[in-house]
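Visitor: Under mature numbering (1 follows the signal peptide of the UniProt record, and there is no 0), read the sequence shown as residues -21 to -1, 1 to 574, first letter to last.
Glycine included, C-beta positions come from ideal geometry on N, C-alpha and C.
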Amino acid sequence: MGSENCLSILLFVCVVNVTNMSDECEKNVFHEDLFGSAFVDQNESAGSDSDGISDSVVGNVSKLLVIPNGYTGKLRKGHLIFDACFESGNLGKVVYVSEYEYDLFIRPDTCNARFRVWFNFTVENTKYEQRVIFNVVNFSKTKSLYREGMSPVVKSSSRPSWSRIPQKCVFYYRSPEQKKKYVMSFAFSFDCEEDVYQFAYCYPYTYSRLQTYLEILETKHYAHFKRELLGLTVQQRRLDLITITHPSNLNKTADKKRVIFVTARVHPGETPSSYVCQGFIDFMVSNHSIAQQLREHLIFKIVPMLNPDGVYLGNYRSSLMGFDLNRQWQSPSLWAHPTIYATKQLLMNLDNNPFIDVNFFIDIHAHSTLMNGFMYGNIYEDEKRAERQARFPSLLSQFAEDFSLPQTNFNKDTLKAGTGRRTLGGILDDHTICYTLEVSFYSYTNMLTNEMIPYTEEKYARLGRNLARTFYEYYSNEGTLCNMSSSSRVDSIHSPGNISISSYSLHNNHNLSNVNLEDDHSQHHHSNDVKNYGINKESIVQPTSSKDCLEDRLKYNYDQLKRLNQTLNSLSCCTISDSFSANAHSLRSTSKDKS
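1) Between F178 and V133, which are expected to be in contact by the criterion C-beta below 8 Å, what is the C-beta distance as a whole number of angstroms?
2) Report the rounded CA-to-CA distance for N114 versus Y434, giving the unit in angstroms.
3) Hey, how far is the Cα of R217 from the Cα of P287?
4) Would DSSP call H267 helix, strand or coil?
5) Can you tell me where the beta strand (DSSP E) with V76 in it begins and where it stops?
6) Cα separation between F240 and I281?
7) Quick one: what does DSSP say V290 is sitting in, helix, strand or coil?
8) When you compare each of T191, N48 and D409 to E362 by their alpha carbons, which one comes out closest?
9) Where does H505 land, buried or exposed, given buried means 16+ other C-beta within 10 angstroms?
10) Hey, out of S373, E436 and I412, whose CA is closest to R448's CA?
11) Report back the beta-carbon spacing between A315 and P283 to the nearest angstrom; my notes put them in contact at under 8 Å.
12) Relative to the C-alpha of N266, which residue among T224, G248 and A365 is closest?
13) Got a sec, what are the start and stop residues for the beta strand (DSSP E) Y453 sits in?
14) Going by DSSP, which residues form a beta bridge with H346?
15) Can you tell me the Cα-Cα spacing of L70 and F165, whole angstroms?
16) Could you say which of H200, Q307 and K106 lies nearest to I60 if we only look at CA atoms?
17) How far does the alpha helix (DSSP H) with residue 633 in it reach, from first residue to last?
18) How long is the line joining the alpha carbons of V238 and S253, rounded to whole angstroms?
19) Within 10 Å of its beta-carbon, does L173 have 16 or more other beta-carbons around it, so buried, or fewer, so exposed?
20) If distances are taken between C-alpha atoms only, which option among L209, Y182, L273 and I343 comes closest to P226?
21) Would the stretch 319 to 333 and the stretch 89 to 107 be scored as touching if the rule is three or more Cβ pairs under 8 Å?
22) Give me the Cα-Cα distance between D82 and R138, rounded to the nearest whole angstrom.
23) With a floor of 3 residues, list each beta strand (DSSP E) that falls wholly inside the stretch 86 to 165, ordered by position along the chain.
24) Between Y201 and V264, is the Cβ-Cβ spacing less than 8 Å?
25) Quick check: what's the CA-CA separation for P333 versus K236?
26) My output table needs one value for K280: the three-state DSSP class, helix, strand or coil.
27) Grouping DSSP H, G and I as helix and E and B as strand, with all else coil, what is L460?
28) Quick check: F262 and R444, are their CB atoms within less than 8 Å of each other?
29) Round the Cβ separation of T402 and Q309 to the nearest angstrom and send it over; I've been treating them as touching at under 8 Å.
30) Going by alpha carbons, who is nearest to N388 out of G397, G356, L394 and G404?
31) Give the C-beta separation of H276 and T459 to the nearest angstrom, bearing in mind that I take them to be a contact with Cβ-Cβ under 8 Å.
32) Taking the beta strand (DSSP E) that Y184 falls in, what are its first and last residues?
33) My understanding is that S67 touches N99, with C-beta atoms under 8 Å, so please give their C-beta distance in whole angstroms.
34) Below 8 Å on the Cβ atoms is my contact criterion, and I expect M350 with T424 to pass it. Report the Cβ-Cβ distance as a whole number of Å.
35) Following the continuous alpha helix (DSSP H) through M327, name the residue where it begins and the one where it ends.
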């Protein structure tokens, strides 16, 4: 059988299986190699498949009631119901450990079991002041910003703005009970029985959210904004192309048109890149004088989401068919990598047009192990090209407090072959500078105060606005743009008509009626403000006797588990079962009679 036929069969299987997953969200039993850990199915009470073929389809949990084995009584408040059967959701398995503790398994990327990082799920049917520990046990990456203090984000149906769980409630450690693999545990207290709580690896940004955002921009009828269909994904989702420029630039033929090409979200789990990209678009369509100058002299081409299928399905790094699309730029396939194929074809057409000069290609990503914003670039033998490449990051570091020039790196790393930056840097015109712009999933260091500042949705968008400001400074120094006072501040722009970054509701089921069209940044919550979720952030109560039990449970990582136990006991709850003792060992005891 030829390789093309094999790939066609793979495509068919992927489309059928993942369509079943996204449309029906079947509850499944999973193989050990998919989850990176062996376990016994405990979903029978929730109605798992009985025909023996449930292993064949990879899916998220769907309204999964998790109760002790053998429990036959009525459903009670506090019997948690987990769900990830929504857009960008990801949770493959939940294991009941005790009344207060649950092991959570990330669903691997579709058709690619290597990647298990992104999670996004809801919990409902909670009991007032119910305290739990959630253990995410099957991360595919051991090096993580959770080591540095990163924490998951949370919101609820009555409080729809995302907030980070306090750092002291989150623990990252090797667990002997999970074959010494790294586990991320976090303690949480539910404070509203009517609410549905949503937890995620980082601030979600869905395909539907992008579509709503672009639809709203279209309703503004800006003369300088154009939305086009560049192509379709394997599952027939839109690949959008945005053009922002003064209309006169589209008709000029005498002078070469300078083009800036920006892409984002090739890796679906890297949601911060979408916030940066939206901040960039928001500023570029605004009436700010810098944006007007840029539009008069430059053409901006933006592909805001290179992997819509992966985003929709809740993958971390892969497309529907399991491909890392940022390794396919050298020889993209029209049917397997249609978004990369269409984007590369457009870039090559622009590059071959004698009336167009592609000055920049910038691909926006998020980094899971490093702080700050920074750039990757290529190594060029031509000194002038190398000097121009170094100039832009230097300018960006002057305007963006979260951008680190020391972390910016130019390389020929063979592991990066096939990326957009490496491939396009080698085939586009010598005048084109190609970068990868990275931004941390977690935080940045203020260079003046050395303070660690966690990113929020708004702070990501601010980096996008500062990216636009840097283009102005770059071309002003070249003499391309008219002189303008460099004191114009981008980080404080409130452009009427732009969409509030945090104005989206639970599950991101958006429509035009529930989106706030005012750029009201006062709605944005600080990243560590979760006092409304029943967590006492002020004091940690020392447990009475925990050392012996903790050492039995975990002879190393003792300090981590001790802190975890202390944190859980410090949550501000008034009605607690006597069996919920002050040591981590009791969390491992089975509590069938309590449920």
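Guide: By the coordinates alone:
1) The residue you call residue 178 lines up with position 199 of the sequence shown. The residue you call residue 133 lines up with position 154 of the sequence shown. With 8 Å as the limit, F178 and V133 qualify as a contact, their Cβ atoms being about 5 Å apart.
2) What you label residue 114 is simply residue 135 of the sequence shown in a count that begins at 1. What you label residue 434 is simply residue 455 of the sequence shown in a count that begins at 1. When rounded, the distance between both Cα atoms is 24 Å.
3) Locating residue 217 in the sequence shown gives position 238, counting from the first residue. Locating residue 287 in the sequence shown gives position 308, counting from the first residue. Looking at the two C-alpha atoms, the distance is approximately 7 Å.
4) Position 288 of the sequence shown, counting from 1, holds the residue named residue 267. Under the three-state reduction of DSSP, H267 is assigned to coil, being neither helix nor strand.
5) Counting from one through the sequence shown, the residue named residue 76 turns up at place 97. Annotation for V76: the continuous beta strand (DSSP E) segment containing it runs K72 to S77.
6) One-based indexing of the sequence shown puts residue 240 at position 261. One-based indexing of the sequence shown puts residue 281 at position 302. Going by the C-alpha atoms only, they are around 6 Å apart.
7) Reading the sequence shown from its first residue, position 311 is the one you call residue 290. Three-state DSSP puts V290 in a helix.
8) Here residue 362 corresponds to residue number 383 of the sequence shown, with the count starting at 1. Of the candidates T191, N48 and D409, the residue whose Cα lies closest to the Cα of E362 is D409.
9) If you number the sequence shown from 1, residue 505 lands on position 526. Its pLDDT being 34, under 50, H505 is placed unreliably by the model, and the measurement read from it follows with that caveat. Per the 10 Å Cβ criterion, exposed.
10) If you number the sequence shown from 1, residue 448 lands on position 469. Scanning S373, E436 and I412 for the CA closest to the CA of R448 turns up S373.
11) Position 336 of the sequence shown, counted from the first residue, corresponds to residue 315. Position 304 of the sequence shown, counted from the first residue, corresponds to residue 283. Going by Cβ atoms, the distance from A315 to P283 rounds to 22 Å, so no, they are not a contact pair.
12) As a working mapping, residue 266 is identified with position 287 in the sequence shown. Among T224, G248 and A365, the Cα nearest to that of N266 is on T224.
13) Stepping through the sequence shown from its first residue, residue 453 is reached at position 474. Per DSSP, Y453 lies in no beta strand (DSSP E) segment; the continuous alpha helix (DSSP H) that holds it begins and ends at E436 to E457.
14) Along the sequence shown, one-based indexing puts residue 346 at 367. In the DSSP assignment, H346 is bridged to S419.
15) Position 91 of the sequence shown, counted from the start, is the residue given in the question as residue 70. Position 186 of the sequence shown, counted from the start, is the residue given in the question as residue 165. So the alpha carbons of these two residues sit roughly 16 Å apart.
16) If you number the sequence shown from 1, residue 60 lands on position 81. Ranking the options by Cα distance to I60, first place goes to K106.
17) Any answer about residue 633 is impossible in this case: the structure gives the chain only from -21 up to 574.
18) Numbered from 1 along the sequence shown, position 259 holds the residue referred to as residue 238. Numbered from 1 along the sequence shown, position 274 holds the residue referred to as residue 253. Distance between the alpha carbons of V238 and S253: 21 Å.
19) Taking the sequence shown and counting its residues from 1, the one referred to as residue 173 is at position 194. The identity of residue 173 in the sequence shown is Glu, whereas the question assumes Leu. That one is exposed.
20) Along the sequence shown, read from residue 1 onward, the residue named residue 226 stands at position 247. For P226, the nearest C-alpha among the options comes from L273.
21) Flag = no, the stretch 319 to 333 and the stretch 89 to 107 do not touch.
22) On the sequence shown, position 103 is the one that residue 82 refers to. On the sequence shown, position 159 is the one that residue 138 refers to. Whole-angstrom Cα-Cα distance: 26 Å.
23) Correct list: 99 to 103, 109 to 115, 132 to 135, 138 to 143 and 149 to 154.
24) The residue labelled residue 201 in the question sits at position 222 within the sequence shown. The residue labelled residue 264 in the question sits at position 285 within the sequence shown. Yes, the pair counts as a contact, with Cβ atoms nearer than the cut-off.
25) Position 354 of the sequence shown, counting from 1, holds the residue named residue 333. Position 257 of the sequence shown, counting from 1, holds the residue named residue 236. Those two C-alpha atoms are separated by around 9 Å.
26) Along the sequence shown, read from residue 1 onward, the residue named residue 280 stands at position 301. DSSP places K280 in strand when its eight states are reduced to three.
27) Locating residue 460 in the sequence shown gives position 481, where the first residue counts as 1. L460 carries a coil assignment under DSSP once its states are collapsed to helix, strand and coil.
28) Translated into positions along the sequence shown, residue 262 becomes position 283. Translated into positions along the sequence shown, residue 444 becomes position 465. Contact: yes.
29) For the purposes of this step, residue 402 is taken as residue 423 along the sequence shown, with counting starting at 1. For the purposes of this step, residue 309 is taken as residue 330 along the sequence shown, with counting starting at 1. So it is a contact: roughly 5 Å between Cβ atoms.
30) Numbered from its first residue, the sequence shown carries residue 388 at position 409. Closest by alpha carbon: G356.
31) Position 297 of the sequence shown, counting from 1, holds the residue named residue 276. Position 480 of the sequence shown, counting from 1, holds the residue named residue 459. Sure, about 6 Å apart at Cβ, within 8 Å.
32) Here the question's residue 184 lines up with position 205 in the sequence shown. Counting along the chain, Y184 sits inside no beta strand (DSSP E), nor does DSSP assign it H or E at all.
33) For the purposes of this step, residue 67 is identified with residue 88 of the sequence shown, where counting begins at 1. For the purposes of this step, residue 99 is identified with residue 120 of the sequence shown, where counting begins at 1. With 8 Å as the limit, S67 and N99 qualify as a contact, their Cβ atoms being about 6 Å apart.
34) Working through the sequence shown from its first residue, we reach residue 350 at position 371. Working through the sequence shown from its first residue, we reach residue 424 at position 445. Right, their Cβ atoms sit about 6 Å apart.
35) For the purposes of this step, residue 327 is taken as the residue at position 348 of the sequence shown. Counting along the chain, the unbroken alpha helix (DSSP H) around M327 starts and ends at P317 to N331.
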